[in-house]
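In short: position in the sequence shown from 1, add 456, done, that's the numbering used here.
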Amino acid sequence: MSLAAHPSRRTPKTEHGSVPWAIVCKKKHVLLQPKARGLLDLPSVSSVKWASAAKRRRPSDNTLPFDPDDDYSVVMANKIFVAYVVADALFIIMGSILLGFSVVVKNTLHNAPSDGAEAARNLLYTRFPLTAGVVNGIFYFITFVFTIPAVTLPTRGWLKLSGYMVTFTALFSLGIGLRIWITTLNTKEAFSPLWNAQTAAVQDLMQTQFQCCGYFNSTSPAFVTDATCSSPAAAALVRGCASQISSFGNTFVDEIFTAVFGMCGICALLVMATACLLKDRKERERFRYIDEKNGLGRTF
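Have a look at this one:
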């Protein structure tokens with residue numbers, strides 16, 4: 457028995473008002489075992505799940521195997537909206553990490569190192585686009601502010617604007633990640649002038665840390681006398697620091713740019729969540745327009 461065959465059936469009642477038949481009849485779904493007085497789980501217009509007193513499936517002719525005069529409860533739990541909020545939270549967390557890392561490194565970059573590994577890291581940091589990282593981190597926060605009205609308001613304008621801003625922020629992060637990755641292509645050659653510019657104390661720390669003498673070898677440039685390189689004869693038997701520092705630097709920098717690319721992945725996730733939420737809101741607007749055109753609660 458189809459809905460069209462019974463025009464006298466009126467719109468089902470709920471605790472939150474009437475549910476239009478346009479929503480009820482949008483898709484065929486399995487009718488589940490009810491809880492108290494029946495339950496209508498409405499995560500979105502595009503995925504309506506009915507739970508009623510009936511225990512059988514809706515027939516293929518789109519009949520409704522329950523009495524529309526019964527009362528039903530409505531639970532609004534939009535899964536698309538929840539996914540967007542989660543992605544937005546991850547987005548601002550990534551922005552906080554990026555901004556905090558860039559600011560902390562800029563402030564501690566020229567501190568006296570305590571060991572050779574810290575000295576090497578500080579020299580590697582000098583090749584990082586830290587100022588761009590600070591600017592990008594600020595863009596994360598600005599974009600997050602624009603997502604707040606996008607979340608709280610049912611319109612799509614703010615949501616579209618925030619989507620464009622997320623895309624721009626993601627491209628900015630991608631550029632930073634690529635810039636850091638490029639530094640790994642010539643670490644050995646690029647680190648040489650940095651080594652030469654350091655004091656004997658800093659070179660001593662790195663020689664002790666990596667068990668090496670000089671940079672390319674013990675004479676190019678000349679090694680610093682310490683426990684590892686106690687004499688020219690002993691230093692000649694020890695390889696230079698270039699290979700060890702290059703290996704250390706590439707491993708360290710790999711972790712950094714991988715983390716930045718991961719931030720781009722979070723941005724992509726938020727862009728997809730934005731697109732899904734836009735589609736969901738567009739469907740809601742379409743059904744709202746249909747209801748306004750036909751009259752909410754109008755009988756069929």
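Every residue, glycine too, gets a C-beta built ideally from N, C-alpha and C. Just so it is clear, the structure is predicted and the values come from calculations on it, not from any experiment.
Looking only at C-alpha atoms, which of the options sits nearest to residue i?
{"i": "GLY589", "options": "LEU565, ASP660, VAL559, LEU734", "result": "VAL559"}
{"i": "PRO688", "options": "LEU726, CYS669, ASN750, ILE636", "result": "CYS669"}
{"i": "ASN534", "options": "LEU733, GLY696, GLY705, PHE717", "result": "LEU733"}
{"i": "GLY705", "options": "THR664, LEU726, GLN654, ARG583", "result": "ARG583"}
{"i": "TYR540", "options": "VAL727, ILE632, THR684, PRO677", "result": "VAL727"}
{"i": "ILE536", "options": "PHE743, ASN750, TYR745, ALA731", "result": "ALA731"}
{"i": "THR441", "options": "PRO585, THR611, LYS616", "result": "Past the boundaries of the shown model lies residue 441; the chain is included only from 457 to 756, so the question cannot be answered."}
{"i": "LEU586", "options": "ASP736, CYS720, VAL716", "result": "VAL716"}
{"i": "SER676", "options": "PHE743, VAL694, GLU741", "result": "VAL694"}
{"i": "GLY631", "options": "ALA729, SER703, MET719", "result": "MET719"}
{"i": "THR664", "options": "THR684, ILE746, VAL607, ALA656", "result": "THR684"}
{"i": "GLY633", "options": "GLU711, ALA690, VAL542", "result": "GLU711"}
{"i": "ASN652", "options": "PHE557, ASN673, TRP637", "result": "ASN673"}
{"i": "ALA657", "options": "VAL561, LYS749, ALA568, VAL538", "result": "ALA568"}
State the Cα-Cα distance for the pair residue i and residue j, rounded to the nearest angstrom.
{"i": "LYS482", "j": "GLU739", "result": "In this prediction, LYS482 scores a pLDDT of 37, lower than 50, which makes its location untrustworthy; the coordinate-derived value is nonetheless stated afterwards. Spanning the two alpha carbons is a distance of roughly 11 Å."}
{"i": "VAL591", "j": "LEU661", "result": "33 Å"}
{"i": "THR564", "j": "SER570", "result": "12 Å"}
{"i": "THR625", "j": "GLU574", "result": "31 Å"}
{"i": "GLY696", "j": "PHE666", "result": "9 Å"}
{"i": "LYS484", "j": "VAL622", "result": "Only weak support is given to the placement of LYS484: the predicted model assigns it a pLDDT of 35, under 50, and the value that follows is read from those uncertain coordinates. If you take the alpha carbons of LYS484 and VAL622, they lie about 36 Å apart."}
{"i": "LYS644", "j": "SER703", "result": "9 Å"}
{"i": "ALA724", "j": "LEU609", "result": "22 Å"}
{"i": "HIS566", "j": "ILE604", "result": "38 Å"}
{"i": "ASN642", "j": "GLY572", "result": "21 Å"}
{"i": "ALA692", "j": "ALA646", "result": "24 Å"}
{"i": "TRP614", "j": "LYS749", "result": "26 Å"}
{"i": "LYS562", "j": "ILE636", "result": "16 Å"}
What did DSSP end up calling residue i once you bin it into helix, strand or coil?
{"i": "SER676", "result": "strand"}
{"i": "GLY551", "result": "helix"}
{"i": "PRO688", "result": "helix"}
{"i": "ASP544", "result": "helix"}
{"i": "ASP682", "result": "coil"}
{"i": "ASN567", "result": "coil"}
{"i": "VAL727", "result": "helix"}
{"i": "TYR745", "result": "helix"}
{"i": "ASN534", "result": "coil"}
{"i": "ASN750", "result": "helix"}
{"i": "ALA653", "result": "coil"}
{"i": "PHE708", "result": "helix"}
{"i": "ASN518", "result": "Residue placement at ASN518 cannot be trusted, given a pLDDT of 40 that sits under 50; the coordinates are not used to answer."}
Along the chain, where does the alpha helix (DSSP H) containing residue i start, and where does it finish?
{"i": "TYR581", "result": "572-581"}
{"i": "PHE666", "result": "656-666"}
{"i": "PHE624", "result": "613-638"}
{"i": "TYR671", "result": "That residue, TYR671, is in no alpha helix (DSSP H); it is neither H nor E in DSSP."}
{"i": "VAL591", "result": "586-608"}
{"i": "LEU445", "result": "The shown model of the chain, from 457 to 756, leaves out residue 445, and the question about it has no answer."}
Give a yes or no on whether 8 Å exceeds the smallest Cβ distance from residue i to chain C.
{"i": "ILE636", "result": "No chain C appears in this structure, which consists of one protein chain only."}
Are the beta-carbon atoms belonging to residue i and residue j less than 8 Å from one another?
{"i": "GLN659", "j": "VAL680", "result": "yes"}
{"i": "PHE602", "j": "SER618", "result": "yes"}
{"i": "ALA546", "j": "ILE722", "result": "First, the amino acid is wrong: residue 546 is Leu here, not Ala. For LEU546 and ILE722, yes; Cβs fall inside 8 Å."}
{"i": "SER648", "j": "TYR671", "result": "yes"}
{"i": "PHE713", "j": "LEU580", "result": "no"}
{"i": "ARG737", "j": "ARG577", "result": "no"}
{"i": "ALA729", "j": "ALA606", "result": "no"}
{"i": "GLY556", "j": "PHE597", "result": "no"}
Within the present structure, is the beta-carbon of residue i separated from the nearest heavy atom of the ligand SAM by less than 7 Å?
{"i": "GLY696", "result": "Inclusion of the ligand SAM in the displayed structure is not the case, the ligand content being empty and no account of it being possible."}
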